[in-house]
Each structure stands twice: as C-alpha cells, then as structure tokens.
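Report on the structure given below.
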C-alpha cells in the first residue's frame, strides 16, 4: 500500500504491519528512505494524504490516526529536542463512531450525561417540559477522543473510555457540583473499551473492548 504527494517527490508506504515509511527523491542520491512512524496497533489498510502537513490512516481496527508532517517527513524522525518537532502537533487518534448512544440518563431521569470528542457534559433535567440545565463539564486530556461513556443509574458516577483505558469520576453536588477523579482500573486490552454498561444497582460496570 503506497501513496505519493502532489509534487511526486515523496512516497508513503506500508505493508502487512502498523508501520508507515516515507521515501523522498533527492537531486543527487535519487530515492532515499527519510522517516517512519507507528500509529496503528494493527495492519494498515488505507492511507490518505490530506495536505502537505497531514497524513491519515485506517486499518483493521476502528482507530483512525492523523500524522503531522514537516517537509514530507514524520515528526518523530526529527528527534524530541529538535525545533521542528517542538512546533508540530503530536499524532492524533480519532475515536470511532460510538457503538452506543453518546448520552445516558440516571434512573430517576433527572441527570443527563452527554459525551463529545474531548469532554463530558452533565445536565440536570428539572422536568419533561423544562429545558435541561448544564451543571458542569469534565474535560479530558487532548489527543485521544472518547469512545464511550456512561452515567450510573444512581447519578453519582461518570465513566468514559478512550484508547488509554477507562476513567471514573464521582459527582459531588453539595455545596456545588464537583467531579472527583477516582482510581482507574487496569485492563489487558490495548484497543480501548467501546461499550460500557452499569448494572441497575450502580455497583458493577461491564466493559467490552475491540479485542
């Protein structure tokens, strides 16, 4: 699998693995290897050059990677202390289309959780005829989008999953609403938990991963 840039002086190629290499044409040496990167966890099946500064890839998993480029080369090839590397954005993972609803209600239908790509919003629902009121936002670290999220039936716990694992927050409402991060569980899966579900008593969470 390979593609070239518009100038036709750089080719990006990948085989039956997760690595992408770049090969560029020079005046005196001809075609030479210039850089490589591993973004996907498994084989790459598709690549697209968005522009001169970004390449996107997809594979056998639902993970989509966006790689920053500088002069046709991947960022990592310049080294951590290089000025070019410092100015560039890091590799981004785009979360897949959610396998469950991006919103969940508490058992009493008075608390609503909505997840976006990089944040979770907690709303209160006074009644069926009144508009919901935004109470607070949980912002996650940049770079990895939210796969899935769940509000516990008792309305006291928030959890969300991304490519790094599952994160939990305890909702405190008195005297003001706060989100207290809890210790996160460890999982053997490296692909992210794409489906989360609390039991009715809010004491157990079931998680389903890609692998």
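In this note's numbering, the protein residues as written are 29 to 239. Yeah, the Cβ is synthetic: ideal placement off N, Cα and C, and Gly gets one too. Computed from a predicted model, the values in this text were never measured in an experiment.
Please report the Cβ distance between residue i and residue j, rounded to the nearest whole angstrom; I am assuming they are in contact, meaning their Cβ atoms lie under 8 Å.
{"i": "residue 83", "j": "residue 97", "result": "6 Å"}
{"i": "residue 186", "j": "residue 148", "result": "6 Å"}
{"i": "residue 163", "j": "residue 205", "result": "5 Å"}
{"i": "residue 100", "j": "residue 32", "result": "Going by Cβ atoms, the distance from residue 100 to residue 32 rounds to 10 Å, so no, they are not a contact pair."}
Restricting to Cα atoms, I'd like to know which of the options is closest to residue i.
{"i": "residue 139", "options": "199, 65, 91 and 102", "result": "199"}
{"i": "residue 71", "options": "54, 91 and 166", "result": "91"}
{"i": "residue 55", "options": "32, 37 and 42", "result": "37"}
{"i": "residue 182", "options": "87, 119, 44 and 141", "result": "141"}
{"i": "residue 158", "options": "137, 35 and 168", "result": "137"}
{"i": "residue 132", "options": "120, 152, 146 and 30", "result": "152"}
{"i": "residue 35", "options": "44, 53, 29 and 47", "result": "53"}
{"i": "residue 184", "options": "64, 48, 101 and 150", "result": "150"}
{"i": "residue 42", "options": "236, 237 and 65", "result": "65"}
{"i": "residue 224", "options": "174, 161, 208 and 73", "result": "174"}
{"i": "residue 60", "options": "44, 40 and 95", "result": "40"}
{"i": "residue 74", "options": "161, 229, 176 and 30", "result": "30"}
{"i": "residue 193", "options": "78, 154 and 235", "result": "235"}
For residue i, list the residues DSSP reports as bridge partners.
{"i": "residue 53", "result": "59"}
{"i": "residue 190", "result": "193"}
{"i": "residue 177", "result": "188"}
{"i": "residue 41", "result": "30 and 49"}
{"i": "residue 209", "result": "197"}
{"i": "residue 183", "result": "In DSSP, residue 183 forms no bridge with anything."}
{"i": "residue 225", "result": "234"}
{"i": "residue 162", "result": "151"}
{"i": "residue 65", "result": "48"}
{"i": "residue 168", "result": "Looking at the DSSP assignment, residue 168 forms no beta bridge with any residue, so it has no partner."}
Taking 8 Å as the cut-off, decide whether the C-beta atoms of residue i and residue j are in contact.
{"i": "residue 80", "j": "residue 67", "result": "no"}
{"i": "residue 121", "j": "residue 130", "result": "no"}
{"i": "residue 188", "j": "residue 180", "result": "no"}
{"i": "residue 6", "j": "residue 50", "result": "No answer is possible for residue 6: the residues shown for the chain start at 29 and end at 239."}
{"i": "residue 166", "j": "residue 207", "result": "yes"}
{"i": "residue 168", "j": "residue 146", "result": "yes"}
Residue i CB to nearest chain C CB: under 8 Å?
{"i": "residue 174", "result": "Of the chains in the structure shown, none is chain C; there is only one protein chain."}
Please give the ranges of any beta strand (DSSP E) in the stretch 67-111, keeping only runs that are unbroken, at least 3 residues long and fully inside the region.
72-79, 82-87 and 92-98
Counting only runs that start and end within the stretch 122-152, where is the alpha helix (DSSP H) found for 4 or more residues in a row?
none
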